[in-house]
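S.K.: Can you keep this structure in mind? I'll have questions shortly.
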Amino acid sequence: MSAKKARLGQNFLVDRGAAAKIVAALGDVSQRTVMEIGPGKGVLTEPLLRSAQHVIAVELDRVLAAELRQKFGDPQASIGSSDIAMVGPPKLEVLEGDVLSVDFEAVLQGMSRPQGGGPSGSDRACVLGNLPYYITSDILLRIFEFHRLFDLVVIMVQREVAERIVALPGTRDFGLLSATAQIYARVEKLFTLPPGAFKPPPKVYSSVLRLKLAPRFDELGVPAEGFIAFLKLAFAMKRKTLLNNLKKSYREEDIKAALNHIGLRPDIRAEAIPLEKSAAVFRVLQLGLDKSKF
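Note that the numbering used here has the sequence shown beginning at 12, numbered continuously upward.
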């Protein structure tokens, strides 16, 4: 594997049985649009094209994008700019570009929209992908940013990252990624694949996750942007207590008062606190003890 391919994290899934199982985790997508992130050599694309109504494959590698066009699409059909080329028959579009730069709103603008907002229900798209290990968090955050466009995400990630995403409060692996993923989605760990399912085989195991997007900000009574910023602050230094992390933005006496009224110890760490109580701390600090409902 070349140095470039190593940087891109290209360990290609070759186990076709596993590929079919991953696609099946999406459920019935016969009337759905599915965005595939990092299709590579197309081992997931092939069964996906048999299942979905429409597939949008986002591939950064120009060589692999060309191979996808040859294998699944019409190599003569090409539209778009030098930054992103969109090719293929109506069943498949190949977007050549960085998924972290793709404007999902623009890409999915042809989908139907309910009056007054983004898509809902089956009008929203699904996401499928074997995510490069080194930018898994960045891709997830990008998907969460555009959560109004998607309702279901099935991804394969490094097993250790999957364990962080599904970790529960009070466990060692619970952190900012866990909290962020779980406030945007209901997360399930489906199954794990060994290195031998890939070529070249990575040095790690990979796990498949299913995320059903259902943001909890309204339920928790917190604004999305403000609460995510609060969580970043709370988890800024994992070894520090919540009190010490929050002192960068709040007065120590206010933090202690909030923790006391919610029934949390002053030496507690963010990793030990459920999202409901983190939201309560945030509300008290933002609104004060008299106005907050805790």
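A virtual CB, placed ideally from N, CA and C, is assigned to each residue, including glycine.
Treat the numbers as computed from the prediction; the structure is a model and nothing was measured.
1. How should E47 be labelled, buried or exposed, when 16 other C-beta atoms within 10 angstroms of its C-beta is the threshold for buried?
2. My output table needs one value for I48: the three-state DSSP class, helix, strand or coil.
3. How about E104 and A68: are their beta carbons less than 9 Å apart?
4. Give the range of the beta strand (DSSP E) segment to which Q169 is assigned.
5. Does the distance from the CB of L313 to the CB of D26 come in under 9 Å?
6. Comparing alpha-carbon positions, which option in G232, A36, I154, V292 lies nearest L270?
7. At 4 residues or longer, and completely inside the segment 219-305: list those alpha helix (DSSP H) runs for me, N to C.
8. If you follow the beta strand (DSSP E) that K200 is part of, which residue opens it and which one closes it?
9. Below 9 Å between beta carbons: does that hold for T182 and E282?
10. Out of curiosity, what's the CA-to-CA distance linking K259 and A247?
11. Here's the rule I'm using: 16 or more other beta-carbon atoms within 10 Å means buried, otherwise exposed. How should P277 be labelled?
12. Where does G28 fall in DSSP's three states?
13. Measure from the alpha carbon of K223 to the alpha carbon of each residue in G232, V215, Q193, then state which is nearest.
14. Compare the C-alpha of R134 against each of I279, A290, S41, L275 and name the closest.
15. In this structure, what does DSSP give as the bridge partners for A68?
16. Starting from the C-beta of I279, find all residues in its chain whose C-beta is less than 6 Å away, skip the five residues before and the five after it, and write them out in chain order.
17. With the cut-off set at 9 Å, would you say I150 and F161 are in Cβ contact?
18. Can you tell which of V233, V219, V198, E156 has the C-alpha that lies nearest to the C-alpha of K32?
19. Rounded to whole angstroms, what is the Cα-Cα separation between L296 and A173?
20. Check K214 in the structure and name its three-state DSSP category.
21. With DSSP collapsed to three states, give me the class of Q21.
22. Of the residues P285, Y216, D265, which one's Cα is nearest the Cα of R227?
23. Which one of K251, G274, Y195, Y261 has the shortest CA to CA distance from E230?
24. Whole-angstrom Cβ separation of V45 and L59, contact assumed at under 8 Å?
M.R.: Working from what's here:
1. buried
2. When secondary structure is reduced to three states using DSSP, I48 falls in the strand class.
3. yes
4. 161-169
5. Coverage of the chain is limited to positions 12 through 305, which leaves residue 313 absent and any answer about it impossible.
6. V292
7. 228-231, 235-245, 253-257, 263-273, 286-298
8. 196-204
9. yes
10. Rounded to whole angstroms, the gap between the alpha carbons of K259 and A247 is 10 Å.
11. exposed
12. Looking at G28 - three-state DSSP - the assignment turns out to be helix.
13. Q193
14. Sequence check: residue 134 is Asp here, not Arg. When only C-alpha atoms are compared, the closest one is S41.
15. E47, V105
16. Excluding positions up to five away in sequence, the list reads L253.
17. no
18. Residue V219 is the option with its Cα nearest to K32.
19. 32 Å
20. coil
21. coil
22. P285
23. Nearest of K251, G274, Y195, Y261 to E230, Cα basis: Y195.
24. 6 Å
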